[in-house]
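Working notes, beginning with the structure itself.
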Amino acid sequence: MDRWVCTICGYVYDPEQGDPDSDVAAGTKWEDVPDDWECPVCGASKDDFEKEA
10 MDRWVCTICG YVYDPEQGDP DSDVAAGTKW EDVPDDWECP VCGASKDDFE
60 KEA
């Protein structure tokens, strides 16, 4: 699964880990993360993330 990087702070969303603090379960693909989810570090929106190269 692809990892996604916040272009603001560098946080990496790893689908294998999810974001349990925001109720995003491990194994949740990026496209299945809710549209209103925010970066847990800086609060950026999903639009501020890019697929990790």
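Numbers 10 to 62, taken from the working numbering, label the letters of the sequence shown in order. Glycine is no exception: its CB is placed at the ideal position from the N, C-alpha and C atoms.
Checklist line | VAL33, enclosing beta strand (DSSP E) - first and last residue | finding: Segment: none, VAL33 is in no beta strand (DSSP E) and carries neither H nor E.
Next item on the list: Please list, in chain order, all residues of the same chain as TYR22 whose beta carbon is under 6 Å from its beta carbon, the five residues on each side excluded.
Entry: TRP13
Check: In three-state terms, what does DSSP make of GLU40?
Finding: It is helical.
Next item on the list: Identify every residue that forms a DSSP beta bridge with TRP13.
Entry: TYR22, LYS60
Next item on the list: Go ahead and label THR16 buried or exposed: buried means 16 or more other beta carbons lie within 10 angstroms of its beta carbon, across all protein chains shown.
Entry: exposed
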